[in-house]
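Each residue of the first sequence is one higher than the last, beginning at 1 in the UniProt record's numbering. Ideal Cβ positions, reconstructed from N, Cα and C, are used throughout, including at glycine.
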Amino acid sequence: MAYWLMKTEPDAFSLQDLQRRGQEPWDGIRNYQARNFLRSMQTGDEVFIYHSRVPAPGIVGTAEVVCAAYPDPTQFDPQSKYYDPASHPDRPRWDLVEVAYRRTFAQGIALDTLRTIPEFSDSPLIRKGNRLSILPITSSQWQYILQYAG
DNA sequence: GCCAACGTTGGC
DNA sequence: GCCAACGTTGGC
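Okay, here's the thing in structure tokens:
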């Protein structure tokens, strides 16, 4: 069992949207490093949901991986904004996992706060210019945040 | 909305 | 294989 963090822009898809839907295919990942993380995710892995591009970005709650990686259908859909004409069905380039809503933290953990937590000092999450939308979380980071969130 | 930082693309 | 140009991410 592993821990992860997935970023989302709440204007496009928020933790509240995930709560309403219950479960969601996390499509549209078009970064090789993030894709490789997707491919190593397993059912039962736990996930922090992070809201980006908001006045106070940070971790807002949790989800769980309920379906391991399979090819992201949007890469083959010319109508989709995630369409990738260079990807072919016999050798799909992009995958997705499905995640289910778990909980919303009573108080989120802002990026400003994460920067002050020693467990996160080496995390790409707090590095300037970091663009990884999916990243691994250590068990000590997971425990710390859960305790912080109460 | 701005723009620094970064990943990707493509000409050479 | 280099690297300039381009597109995107994400904090502010």
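Practice item. Return the chain-ordered list of same chain residues with a C-beta closer than 6 Å to the C-beta of S133, the five sequence neighbours on each side being excluded. Key: K7, A34
**Study point:** Backbone CA spacing between R115 and W4 [nearest angstrom]
**Key:** 18 Å
Practice item. Could you tell me the boundaries of the beta strand (DSSP E) in which A56 lies? Key: Per DSSP, A56 belongs to no beta strand (DSSP E) and is neither H nor E.
Exercise for review: Answer yes or no: do D72 and D27 have a C-beta to C-beta separation smaller than 8 Å?
Suggested key: yes
Practice item. Specify the secondary structure class of A106 as computed by DSSP and reduced to three states. Key: strand
Review point. Roughly how many angstroms lie between the CA atoms of S140 and I117, to the nearest whole one?
Key: 11 Å
Exercise for review: Quick one: grab the DSSP three-state call for I29.
Suggested key: coil
**Study point:** Distance CB(G44)-CB(H51) smaller than 8 Å
**Key:** no
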